[in-house]
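**Student:**
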Amino acid sequence: MNYYIHTYGCQMNIHDSEKIAGILEKMGYVCCDDVKLADVVVFNTCCIRETAEQKIYGHIGSLKKLKKAKPNLIAVVCGCMSQQEGVPQQIRKSYPYVDVILGTANLGLLEQSILQAKNKKKFVNTEFLGYTEEDFTQKRTSFPNAWVNINYGCNNFCTYCIVPYVRGRERSRQMSDVVAEVRTLVEQGYKEITLLGQNVNSYGKDLPNGENFAKLLLEIAKIPGKFRVRFMSSHPKDLSDEVIDAVASCPNICNNIHLPVQSGSTNILAKMNRRYTREKYLEQITKIRAKLPNVGITTDIMVGFPGETEQDFLDTLDLVQQAKFSSAFCFVYSRRKGTPAYSMENQVPYAVKKSRIVQLNACQNQVTKEISKSMVGKVFEVLVEGQNTSYKDCMCGRTESGRLVNFKCDQTYVGKFVNVLVERATSATLWGKVVEED
Ligand code: 5AD
Ligand code: SF4
3 MNYYIHTYGC
13 QMNIHDSEKI
23 AGILEKMGYV
33 CCDDVKLADV
43 VVFNTCCIRE
53 TAEQKIYGHI
63 GSLKKLKKAK
73 PNLIAVVCGC
83 MSQQEGVPQQ
93 IRKSYPYVDV
103 ILGTANLGLL
113 EQSILQAKNK
123 KKFVNTEFLG
133 YTEEDFTQKR
143 TSFPNAWVNI
153 NYGCNNFCTY
163 CIVPYVRGRE
173 RSRQMSDVVA
183 EVRTLVEQGY
193 KEITLLGQNV
203 NSYGKDLPNG
213 ENFAKLLLEI
223 AKIPGKFRVR
233 FMSSHPKDLS
243 DEVIDAVASC
253 PNICNNIHLP
263 VQSGSTNILA
273 KMNRRYTREK
283 YLEQITKIRA
293 KLPNVGITTD
303 IMVGFPGETE
313 QDFLDTLDLV
323 QQAKFSSAFC
333 FVYSRRKGTP
343 AYSMENQVPY
353 AVKKSRIVQL
363 NACQNQVTKE
373 ISKSMVGKVF
383 EVLVEGQNTS
393 YKDCMCGRTE
403 SGRLVNFKCD
413 QTYVGKFVNV
423 LVERATSATL
433 WGKVVEED
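In structure tokens, the structure reads:
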């Protein structure tokens with residue numbers, strides 16, 4: 003019996019899919035990468051933007067034919083989209099062949115729901131039940147990296163964002179549990195640990211003993227063995243000096259900070275409920291660079307938020323030039339039902355959004371290109387991750403600052419640290435060769 007998981011969206015979902023795979027394998031299912039061979043198909047969904055949702059509905063729709071050919075096929079829809087108000091009902095109505103619908107905090111019900119579906123009974127549960135990591139044996143799929151949840155949910159309620167509604171309020175895992183999980187992963191040979199939370203900097207605020215993210219980082223950094231730590235995402239209003247100091251003082255915590263700015267206009271930031279100004283954000287950047295001279299800072303930016311004027315957008319372009327992000331994920335604002343921004347006045351026409359995203363991408367590409375050029379001729383320690391998906395004869399890996407480099411080396415190097423001399427750069431892509439340590 004085979005299972006096939008289609009994962010949409012962010013790292014949080016990728017990691018949830020590792021938990022789903024673990025549950026299915028414990029039930030005796032085997033992973034397959036062709037949906038036609040599957041006995042259980044899981045759609046682990048995302049609803050952050052409308053484009054994601056439309057794609058998913060299309061994919062669920064195309065199951066109809068498969069289900070006809072294979073009536074015992076079990077179709078599961080879970081993740082953020084199914085947690086949205088009204089969506090389970092919508093799926094039941096428009097896609098009646100879906101057998102199981104589970105919310106974001108209901109993975110503990112997956113086994114039971116599949117057993118029920120085998121008996122031809124539908125299973126729908128999006129009650130917010132919650133679970134602990136220790137309930138699952140995960141099937142990790144991203145060696146030499148391992149994802150580790152440190153907190154779930156979000157309390158920030160940025161006015162455009164659906165996440166607090168579908169992932170619930172902030173909940174932190176116990177520090178001892180997180181540290182124990184990382185220790186085990188390092189002992190198992192994982193070389194890069196990525197700590198995950200919607201807002202890692204608010205880790206511990208809901209715990210009783212004054213735990214916080216900086217303390218967690220310092221505890222993790224003490225674990226013996228050669229490995230790296232990354233974390234994402236950081237909210238600019240919560241990134242503390244202690245966290246920056248922890249990164250500076252621990253060589254195994256990567257000089258790489260993902261700090262979503264969203265907009266370069268104080269006016270728009272206020273409407274987004276981000277609780278920082280353009281100036282405050284730039285001050286944070288200056289402070290980070292002073293303490294971490296080799297840092298790679300990445301970001302998320304949105305264009306076309308309601309009321310965004312040409313001047314607001316120019317402020318964003320200007321911030322991009324000042325901040326010198328090594329890369330940026332740029333998005334067109336998407337109206338999400340149930341969020342305050344949905345009903346704000348002055349929604350920006352699509353043509354304007356489109357033109358702004360093209361300009362923003364061009365602006366960031368120029369910045370990335372300059373940073374890439376400045377890396378040519380230098381040697382960086384790189385963790386070999388695997389074959390490059392586009393250039394099959396090349397292997398790839400990341401520098402501490404988070405930049406992807408392509409180079410030639412043997413497959414057996416996956417999971418090893420090598421020194422790579424960057425020889426050339428084509429905009430966002432770096433090319434190099436492995437060199438001996440001096
Ligand atoms: N429209 C477009 N982008 C969004 N993001 C969050 N909500 C929306 C939305 N409604 C982006 C933000 C966030 C990233 C994960 O997704 O930039 O940081
Ligand atoms: Fe969404 Fe803002 Fe929370 Fe990030 S911090 S998940 S953008 S509400």
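Using our numbering, you'd call the opening residue of the sequence shown number 3 and step up by one each time.
Glycine included, each C-beta is placed from N, C-alpha and C at the ideal position.
1. If you reduce the DSSP assignment to three classes, tell me which class tyrosine 192 lands in.
2. Report buried or exposed for alanine 248, applying the criterion of at least 16 other Cβ atoms within 10 angstroms of its Cβ.
3. By DSSP's criteria, asparagine 147 is part of a beta bridge. Which residues make up the other side?
4. Assuming the contact rule is C-beta atoms closer than 8 Å, leucine 316 and methionine 377 should be a hit. Round their C-beta distance to whole Å, please.
5. Is it a yes or a no for the region 401 to 412 touching the region 252 to 272, going by three-plus beta-carbon pairs under 8 Å?
6. Taking Cβ to Cβ, would you say glycine 81 is nearer than 8 Å to cysteine 48?
7. I need the DSSP call for isoleucine 152, collapsed to helix, strand or coil.
8. The ligand 5AD heavy atoms versus the CB of methionine 304: any closer than 7 Å?
9. Mind pulling the alpha helix (DSSP H) runs of 4 or more residues that sit fully within the region 292 to 376?
10. Just confirm the distance between the C-beta atoms of leucine 284 and leucine 321, as a whole number of angstroms; I'd bet it's less than 8 Å.
11. Express the C-alpha separation of alanine 71 and phenylalanine 159 in angstroms, rounding to a whole number.
12. In terms of residues, what are the limits of the beta strand (DSSP E) holding lysine 435?
13. Do serine 374 and alanine 330 come within 8 Å of each other at the CB atom, strictly closer than that value?
14. Using a Cβ-Cβ cut-off of 7 Å (strictly less than) and excluding sequence neighbours within five positions of arginine 142, which residues of its own chain qualify?
15. Closest to asparagine 408 by C-alpha separation, out of Cys12, Gln118, Pro226, Met397, would be which residue?
16. How about phenylalanine 233 and threonine 196: do their beta carbons lie closer than 8 Å?
17. To the nearest whole angstrom, what separates the beta carbons of glycine 110 and threonine 128, a pair I think is in contact under 8 Å?
18. Tell me whether arginine 280, by its Cβ, gets closer than 7 Å to a heavy atom of the ligand 5AD.
19. Do threonine 341 and isoleucine 164 count as a contact pair if the criterion is CB distance below 8 Å?
20. If we ignore side chains and look at the alpha-carbon of each, how far apart do glutamine 13 and valine 202 end up?
21. Looking at glutamine 200 and the ligand SF4, is the gap between the Cβ and the nearest heavy atom below 7 Å?
22. Keeping to the same chain, check which residues put their C-beta closer than 6 Å to that of glycine 206; ignore five residues upstream and five downstream.
23. So, is glutamate 194 buried or exposed, given that buried needs 16 or more other C-beta atoms within 10 angstroms?
24. How long is the line joining the alpha carbons of proline 262 and histidine 237, rounded to whole angstroms?
25. Tell me, to the nearest whole angstrom, how far the beta carbon of glycine 417 is from that of glycine 170; I am working on the premise that it is less than 8 Å.
26. With the cut-off set at 8 Å, would you say tyrosine 10 and isoleucine 76 are in Cβ contact?
27. Does at least one heavy atom of the ligand SF4 sit under 7 Å from the Cβ of cysteine 48?
28. Looking at C-alpha atoms only, which residue of Ser336, Leu112, Gln368 is the closest neighbour of glycine 132?
29. What is the DSSP secondary structure of glutamate 113, reduced to helix, strand or coil?
30. Is it the case that the Cβ atoms of isoleucine 246 and valine 184 are separated by a distance below 8 Å?
31. Are there any heavy atoms of the ligand 5AD lying less than 7 Å away from the beta-carbon of tyrosine 162, as far as the coordinates show?
32. Does DSSP classify histidine 8 as helix, strand or coil?
33. Could you pull out every residue in the same chain whose Cβ sits closer than 6 Å to the Cβ of tyrosine 97, ignoring the five residues on either side in sequence?
**Tutor:** Let's see:
1. Taking the sequence shown and counting its residues from 1, the one referred to as residue 192 is at position 190. Note: tyrosine 192 maps to coil in three-state DSSP.
2. Residue 248 sits at position 246 when you count from the first residue of the sequence shown. By the C-beta density criterion, alanine 248 is buried, having at least 16 other C-beta atoms within 10 angstroms.
3. Your numbering for residue 147 matches position 145 in the sequence shown. Residue pairing from DSSP places asparagine 147 in a beta bridge opposite Glu194.
4. Residue 316 sits at position 314 when you count from the first residue of the sequence shown. Residue 377 sits at position 375 when you count from the first residue of the sequence shown. Actually they do not touch by this definition, with Cβ atoms about 29 Å apart.
5. yes
6. Against the sequence shown, residue 81 aligns to sequence position 79. Against the sequence shown, residue 48 aligns to sequence position 46. Yes; because the gap between Cβ atoms is below 8 Å, this pair is in contact.
7. As a working mapping, residue 152 is identified with position 150 in the sequence shown. Isoleucine 152: coil per DSSP, three-state reduction.
8. What you label residue 304 is simply residue 302 of the sequence shown in a count that begins at 1. Within the cutoff, so yes.
9. 312 to 325
10. As a first step, residue 284 is located in the sequence shown; it is residue number 282 there, counting from the start. As a first step, residue 321 is located in the sequence shown; it is residue number 319 there, counting from the start. Contact holds; Cβ gap of about 7 Å.
11. Locating residue 159 in the sequence shown gives position 157, counting from the first residue. Locating residue 71 in the sequence shown gives position 69, counting from the first residue. Those two C-alpha atoms are separated by around 44 Å.
12. For the purposes of this step, residue 435 is taken as the residue at position 433 of the sequence shown. Its beta strand (DSSP E) spans residues 431 to 437.
13. As a first step, residue 330 must be located in the sequence shown, where it is residue number 328. As a first step, residue 374 must be located in the sequence shown, where it is residue number 372. Not a contact, by the Cβ cut-off of 8 Å.
14. Looking up residue 142 in the sequence shown gives position 140. For arginine 142, where only same-chain residues beyond five positions count, the Cβ hits under 7 Å are Glu20, Ala148.
15. For this step, residue 408 is matched to residue 406 along the sequence shown. Ranking the options by Cα distance to asparagine 408, first place goes to Met397.
16. On the sequence shown, residue 233 is found 231 positions in, with the first residue counted as 1. On the sequence shown, residue 196 is found 194 positions in, with the first residue counted as 1. Less than 8 Å divides the Cβ of phenylalanine 233 from the Cβ of threonine 196.
17. Start at 1 with the first residue of the sequence shown, and residue 110 comes out as number 108. Start at 1 with the first residue of the sequence shown, and residue 128 comes out as number 126. Not confirmed; about 13 Å, so no contact.
18. For the purposes of this step, residue 280 is taken as residue 278 along the sequence shown, with counting starting at 1. It does not: the Cβ of arginine 280 is nowhere closer than 7 Å to a heavy atom of the ligand 5AD.
19. Counting from 1 along the sequence shown, the entry for residue 164 is found at position 162. Counting from 1 along the sequence shown, the entry for residue 341 is found at position 339. Result yes, Cβ atoms of isoleucine 164 and threonine 341 sit closer than 8 Å.
20. Mapped onto the sequence shown, residue 13 falls at position 11. Mapped onto the sequence shown, residue 202 falls at position 200. Roughly 13 Å between the two C-alpha positions.
21. Counting from 1 along the sequence shown, the entry for residue 200 is found at position 198. Yes - the ligand SF4 has a heavy atom lying nearer than 7 Å to the Cβ of glutamine 200.
22. As a working mapping, residue 206 is identified with position 204 in the sequence shown. Within the same chain, glycine 206 has close Cβ partners Ser174, Glu213, Asn214.
23. The residue you call residue 194 lines up with position 192 of the sequence shown. Burial call: buried.
24. One-based indexing of the sequence shown puts residue 262 at position 260. One-based indexing of the sequence shown puts residue 237 at position 235. For proline 262 and histidine 237, the distance between alpha carbons rounds to 7 Å.
25. The residue labelled residue 417 in the question sits at position 415 within the sequence shown. The residue labelled residue 170 in the question sits at position 168 within the sequence shown. Not confirmed; about 35 Å, so no contact.
26. Reading the sequence shown from its first residue, position 8 is the one you call residue 10. Reading the sequence shown from its first residue, position 74 is the one you call residue 76. In this structure, isoleucine 76 does not lie closer than 8 Å to tyrosine 10 by Cβ.
27. On the sequence shown, residue 48 is found 46 positions in, with the first residue counted as 1. It does not: the Cβ of cysteine 48 is nowhere closer than 7 Å to a heavy atom of the ligand SF4.
28. Working through the sequence shown from its first residue, we reach residue 132 at position 130. That would be Leu112, whose Cα lies nearest to the Cα of glycine 132.
29. Walking along the sequence shown from the start, residue 113 turns up at place 111. Of the three classes helix, strand and coil, the one that applies to glutamate 113 here is helix, per DSSP.
30. The residue given as residue 246 occupies position 244 in the sequence shown. The residue given as residue 184 occupies position 182 in the sequence shown. No, the Cβ-Cβ distance between isoleucine 246 and valine 184 is not below 8 Å.
31. By one-based count along the sequence shown, residue 162 stands at place 160. Under cutoff, so the answer is yes.
32. Stepping through the sequence shown from its first residue, residue 8 is reached at position 6. In the displayed model, histidine 8 falls within a strand according to three-state DSSP.
33. Position 95 of the sequence shown, counting from 1, holds the residue named residue 97. The answer, listed in chain order, is Ile62.
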